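Trainee: One structure, pasted below without further comment.
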């Protein structure tokens with residue numbers, strides 16, 4: 001199990017006010033630094049299976065066409081992922097949830113955060129239902 005995910009599982013439980021994962025897209029492009037982070041969490045493979053790899057991208061004007069085209073392959077010496085991945089956030093969040101659950105973690109749905117109390121080594125969150133959740 002990747003170290004970052006193991007740390008997240010043992011130290012915290014994500015708390016979410018909504019009753020389930022958001023289905024609408026809140027983001028659709030993952031850039032090289034995000035891909036590196038997702039690799040560290042052990043979820044990059046499933047994201048790549050669901051997304052489209054784009055090694056270039058363009059800025060365009062409606063009437064004039066292409067204004068600029070950027071080739072991310074120039075980053076090959078700086079990152080193992082010299083590309084962007086087009087994949088809606090709504091496809092990534094179930095991957096993250098499933099990996100968290102498989103590692104023994106949980107996501108608390110329908111639990112709006114009411115207060116956050118800083119403590120040595122972490123915080124304690126009180127939900128709108130009065131439940132106290134400790135995270136480190």
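Residue numbers (my numbering): 1 to 136.
Idealized CB from N, CA, C, for every residue including glycine.
Just so we're clear, the structure is a prediction, and the values are computed from it rather than from any experiment.
#1: For residue 81, does the count of other Cβ atoms within 10 angstroms reach 16, so buried, or fall short, so exposed?
#2: Please tell me whether residue 116 and residue 123 are closer than 8 Å, where the distance is taken between their beta carbons.
#3: With H, G and I counted as helix, E and B as strand and the rest as coil, what does DSSP make of residue 21?
#4: So what does DSSP say about residue 50, is it helix, strand or coil?
#5: Counting Cβ pairs closer than 8 Å, one from the stretch 14-29 and one from the stretch 37-44, do we hit at least three?
#6: Sorted by chain position, which residues of the same chain lie with C-beta nearer than 6 Å to residue 56's C-beta, five sequence neighbours on each side aside?
#7: Does DSSP put residue 107 in a helix, in a strand, or in coil?
Mentor: In brief:
#1: buried
#2: yes
#3: coil
#4: helix
#5: no
#6: 69 and 71
#7: coil
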